[in-house]
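**Q**
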Amino acid sequence: METIIISDTQNLQQAAQILQAGGLVASPTETVYGLCANALNEEAVKNIYKAKGRPSDNPLIVHIADLGMLQPLVTEISPIAETLMKHFWPGPMTLVFKANSLVPKVVTGGLDTVAVRFPSDPTITNLIKTSGLPLAAPSANTSGKPSPTNFARVYEDLNGKIDCIIEGGNSKYGVESTVIDTTGDIATILRPGGITFEMIEEVLGTVMMDPALGHKLKEGEVPKAPGMKYTHYAPNAEVIIVKGETSKVIAKINELTAMHRALGKKVGVMATDETLSYFIADTVLSVGTESDPTTIAAHLFEVLRQYDDAGMDLVYSLAFKTTGIGQAIMNRLEKSAGYHFIEA
Ligand code: AMP
Ligand code: MG
């Protein structure tokens, strides 16, 4: 298949027509690039799963561009949802609602709920408005790999497999949206993201983290967000997170790196601006500055992919603070490492 490339500064009419005809279009969003299809067209949505190699029971988020588009998709909007929508839409927040039967089961992975987001990025909102369609859109990458935060990574994974890619700049947040279940009495975070626990707590007073977060799923444990079951964000290199006091972590990583290099392995280190100069390895990269964790979120997925570009076998990473956006950063990093931690 030939993939058409359109700049985000061009008219999006052609991309909108592709969506109306049941095709697939990758678009920038403020979180990561998304792979879009008409959420109400079952065949089109099936092709998203095919292009990504995504397991079919991992449901998709439906994207809207005005509040009027929400009503037909859901059967109930709770007061919790109303409050969250008022404060954080448009933006990097997805809410889970009871689904209307109009939403195809292929979108919800067979669940009776549907996840909906109203993004703030002008390109995807323009695409939704021009096509007049709610768009199902997971991240625009091969399933299992780090999500794409720039055009080049979407092209690398999906050129020749989808109808169109809209080329824009780097994603602002760099991690996917916060997913919040609003169908119960207490708002429950199913996936941390750009809208943080602290921000939600401030407007609601009470919020819970889903118990399935923060550890490798135990045998028989069924998470509310089916996506939690699967390997995510993993480069080809094995990622290992080293925890502890900074000076000890640096010493430990240098010791392990030297050992593995002596055995013929290519070893990368994921450092920060503050720690970059202390490491000796084959590829030492800074993911951002500790003084502003939003920079770490913005670069995380791209830097993980750069170790593969450089042919690393192994990557040691620092652990990051888990307050604010740090919770989303560590959630993604833990998954990319398959929960492989070492204490320094
Ligand atoms: P992605 O499209 O890769 O950003 O992943 C979407 C995330 O939202 C996955 O973790 C899904 O499991 C989760 N999700 C989507 N729909 C629902 C739903 N109806 N209930 C719970 N989680 C959902
Ligand atoms: Mg994804």
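Heads up: the sequence shown begins at 457 in my numbering, then just goes up one per residue. Note that the Cβ used here is the ideal one computed from N, Cα and C, for glycine as well. In this text, all values refer to a predicted model and were calculated from it rather than measured experimentally.
1. Is the closest heavy atom of the ligand MG to the C-beta of S595 under 6 Å?
2. How long is the line joining the alpha carbons of F653 and I517, rounded to whole angstroms?
3. Going by C-alpha to C-alpha distance, which of I621, K672, W545 sits closest to Y795?
4. Would you say the beta carbon of G683 is closer than 6 Å to some non-hydrogen atom of the ligand AMP?
5. Based on Cα-Cα distance, which residue from I533, I580, G524, N556 lies nearest to E548?
6. With 7 Å as the threshold, decide whether the Cβ of P578 is near any Cβ in chain D.
7. Could you say if the segment 484 to 493 and the segment 601 to 616 meet the contact criterion of at least three C-beta pairs nearer than 8 Å?
8. Taking the runs of the beta strand (DSSP E) that are 3 residues or longer, which of them lie wholly in the segment 635 to 671?
9. Where does L770 fall in DSSP's three states?
10. Sorted by chain position, which residues of the same chain lie with C-beta nearer than 8 Å to D764's C-beta, five sequence neighbours on each side aside?
11. Determine the direct distance from the alpha carbon of E623 to that of T487, and round the result to whole angstroms.
12. Count the other CB atoms, across all protein chains shown, that sit within 10 Å of the CB of F544; report buried if there are 16 or more and exposed otherwise.
13. Under three-state DSSP, which class holds A754?
14. Between which two residues does the beta strand (DSSP E) carrying H432 extend?
15. Is L567 close to the ligand AMP? I mean its beta-carbon at under 6 Å from any heavy atom of the ligand.
16. Below 8 Å, how does it come out for the segment 616 to 636 and the segment 527 to 534: are there three or more Cβ pairs, yes or no?
17. Select from M768, E498, S733, G640 the residue whose C-alpha is nearest the C-alpha of K680.
18. Output yes or no for whether 7 Å exceeds the beta carbon distance between N556 and L529.
19. Looking only at DSSP bridge pairs, what is V698 linked to?
20. With distance defined between alpha-carbon atoms, name the residue in E711, S742, Q783 nearest to A800.
21. Tell me whether N556, by its Cβ, gets closer than 6 Å to a heavy atom of the ligand AMP.
22. Scan the segment 559 to 596 and note each continuous beta strand (DSSP E) run of 3 residues or more that stays entirely inside, going in chain order.
23. How is I462 classed by DSSP in three states: helix, strand or coil?
24. Is the beta carbon of A592 within less than 6 Å of some heavy atom of the ligand AMP?
25. Any heavy atom of the ligand AMP within a distance shorter than 6 Å of the CB on A571?
26. Going along the chain, which residues of its own chain have a beta-carbon closer than 6 Å to the beta-carbon of K674, five neighbours each way excluded?
27. Measure the Cβ-Cβ separation of V552 and V559 and say whether it is below 7 Å.
**A** Checking against the coordinates, here is how it stands:
1. yes
2. 20 Å
3. K672
4. yes
5. With the sequence shown as reference, residue 548 is identified as Pro, and Glu is not the correct amino acid for it. Selected option, being the one with the closest Cα: I580.
6. The structure shown contains no chain D; it holds only a single protein chain.
7. yes
8. 644 to 647
9. strand
10. P691, N692, A693
11. 15 Å
12. buried
13. helix
14. Outside the shown range of the chain, which is 457 to 800, sits residue 432, and nothing can be said about it.
15. yes
16. no
17. G640
18. yes
19. L774, I798
20. E711
21. no
22. 569 to 573
23. strand
24. no
25. yes
26. none
27. no
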